[in-house]
Amino acid sequence: MRHLAIIGSGPAGYYTAEAAQKAFGDDVHIDIIDRLPVPYGLIRFGVAPDHQSIKNVSRRYEKVALTDNVRFVGNVSVGDDISIAELQELYDAVILATGAPNDRTLEIPGSELDGVIGSAAFVGWYNGHPDFTELNPPLDGKNVVVVGNGNVALDVARILAKTETEFAGSDIVGHALEALKASNVEKITLLGRRGPHQIAMTPKELGELGKLTRACPRINPDDMPDEGDDAMLEPGMRKSVTHLRAYAAIPEEYRADKSVEIDFDFFAMPVEIQGDGKVEAVVVEETELDTDMRSNGTGNRTTIPCDMLISCIGYRTPPIEGVPYEHGRGRFASDEGRIMPGLYCVGWARRGPTGTIGTNRPDGYAIADMIAEDIGNGAGKQGREGLDALLKSRGTDLVTFRDWKNIEQAEIGRARDGAPREKFVDVEDMIKARGVM
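Be aware that the sequence shown starts at 465, since it is given in the working numbering, and climbs by one per residue.
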């Protein structure tokens, strides 16, 4: 029997479990270990609450989780409750599928001021991540600056701009919905170092900005490249740029009835955040692109008012003691996922924060092939029996998938009208809810 431990229960973790099942059949036991009592990682805490169709991929992971040779082991913190070295003693292969939950820091003067928030924290706040329940973002001001030109920046802007009615059918958590209902935000500025042809925004997400009840996008037509240049873009990007061109052409009279403006500020990079204890303004430098499409400052600077700044410039995988790490890239050091025989990384922990949810599937299958090459038929290790004995000796209260299903039913039962669930945002409440059935 082969014994595998996967650290992290998000898409990369479950796709790897699925691949290992197909590679080894019944001759494998897989434990999926997570720090939190609830599974699915990015699906639960990263995907926007108004994108429920994307969250449906969790049904595929549940199918894997309900098989006899896969087990969810929640409420177990690797590094605190058990070490990587101990797991390596117990399992033939340990796979790090921890994702990239930490924000890349915005390293400019003033980034330490109150009101400067990373996207992982802000998204975690409105998605009910226990680490960010007490964030309390300052929504009493009129001006928000969002740094970044990717889909996360779009999610943040859209969530800030929506009315209560537009959250119908979403699973945004109650504390965030109440705070957003009382929001005074009138202008959301999206800062991008480069131009419309260099965005990392997909057509669906961009198109949603044109359908908001009280908000309207604004783009300076002078920032748009010659329309003929769009022919050189790949089809998806061309569709995205078509949305930008439509927004640039919106007449002023249409904006009169919109109380929130979403301003795309291209060729602009923040160089300083100003304020007395909290953010009050952002100094922005105009950029230009060189022949390699890299942005360079021109020296022309302006100051824009800002009551909250949300930085959406990427994520990093947190280091784990004893595991080689690439600090410059914010990911584990590996040879295509093999850190060493018996220790692997997959998904964002391997690649860095790139690709879609689906990108993790071929990644997981490649790692499963690598594991098969390295471990053969297994080395007669203890696997889950050894893990259970060790955790019991340390008083660790592990949460199973059956427990999670009870937690899920409790969340469904406490949902507001029209919502699919009301998430528990406190770990203790999650653990209490596992006994409801």
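The C-beta atom is built at its ideal place from N, Cα and C for all residues, glycine as well.
Note that this is a predicted model, so its numbers are computed, not measured.
Check                                                                                                                                                                                    : Outcome
For F596, I'd like the list of residues in its chain whose CB is within less than 6 Å of its CB, leaving aside the five on either flank, ordered along the chain.                        : A585, G588 and W589
Figure out for me which residue from H467, A487 and G510 has the closest Cα to the Cα of P475.                                                                                           : G510
So, for I789: in the same chain, excluding its five sequence neighbours on each side, which residues have a beta-carbon less than 7 Å away from its beta-carbon?                         : Just to set this straight, residue 789 is Tyr in the shown sequence, not Ile. Hits under 7 Å: P783, F796 and A797.
Keeping to the same chain, check which residues put their C-beta closer than 6 Å to that of H467; ignore five residues upstream and five downstream.                                     : H493, Y555, D556, K845 and G847
By DSSP, does I784 sit in helix, in strand, or in coil?                                                                                                                                  : coil
Within 10 angstroms of its Cβ, does I876 collect 16 or more other Cβ (buried), or is it exposed?                                                                                         : exposed
Does the beta-carbon of Y504, which I'm using as the reference point, lie nearer than 8 Å to any heavy atom of the ligand FAD?                                                           : Among the components of this structure there are no ligands whatsoever, and the ligand FAD is therefore not found.
Rounding to the nearest angstrom, what Cα-Cα distance links F865 and L851 in this structure?                                                                                             : 16 Å
Around the C-beta of N520, are 16 or more other C-beta atoms found within 10 angstroms, so that it is buried, or is it exposed?                                                          : exposed
Compute the beta-carbon to beta-carbon distance between N607 and P769, rounded to the nearest angstrom, for a pair I have assumed lies under 8 Å.                                        : 5 Å
Provide the residue span of the alpha helix (DSSP H) that contains E526, from first to last.                                                                                             : S522 to A529
Pick helix, strand or coil for R858, following the three-state DSSP scheme.                                                                                                              : coil
Per the contact definition of three or more C-beta pairs closer than 8 Å, is the stretch 620-640 in contact with the stretch 651-658?                                                    : yes
Taking only three categories from DSSP, how would you classify T766?                                                                                                                     : strand
Are the beta-carbon atoms belonging to V611 and I726 less than 9 Å from one another?                                                                                                     : no
Could you work out which residue in I471, R499, K626 and K722 is closest to M894 when comparing CA atoms only?                                                                           : R499
For the alpha helix (DSSP H) that contains V707, what are its first and last residues?                                                                                                   : At residue 707 the sequence reads His, which differs from the Val that was named. First-last of the alpha helix (DSSP H) with H707: P699 to A712.
For my contact list, F731 and G659 are in at a C-beta cut-off of 8 Å; report their separation, rounded to the angstrom.                                                                  : 6 Å
Between the C-alpha atoms of T666 and V609, what's the straight-line distance to the nearest angstrom?                                                                                   : 21 Å
Considering only residues of the stretch 821-899, which uninterrupted beta strand (DSSP E) runs meet the minimum length of 3 residues and lie entirely inside it, listed in chain order? : none
Let me know if T762 comes out buried or exposed under the rule of 16 or more other beta-carbons within 10 Å of its beta-carbon.                                                          : exposed
Under a three-way DSSP split, which group does S759 fall into?                                                                                                                           : strand
Could you check which residue in A561, S857, R678 and A469 has the C-alpha nearest to that of R825?                                                                                      : A561
Quick one: measure Cβ to Cβ for P601 and D771, integer angstroms, because I've assumed they're closer than 8 Å.                                                                          : 10 Å between Cβ atoms; not a contact.
Just reading off the beta strand (DSSP E) that D619 is part of, what are its end residues?                                                                                               : Run containing D619: none in the beta strand (DSSP E); it sits in the alpha helix (DSSP H), N615 to A625.
Can you look up Y504 in the DSSP assignment and give me helix, strand or coil?                                                                                                           : coil
So T751 and M733 are supposed to be a Cβ contact under 8 Å. How far apart are they, rounded?                                                                                             : 6 Å
When DSSP labels each residue in this structure, what does E628 get in the three-state scheme?                                                                                           : coil
Between H661 and L697, how many whole angstroms is the CB-CB distance? I'm expecting something under 8 Å.                                                                                : 7 Å
Could you tell me the alpha carbon to alpha carbon distance between I835 and W868, rounded to whole angstroms?                                                                           : 29 Å
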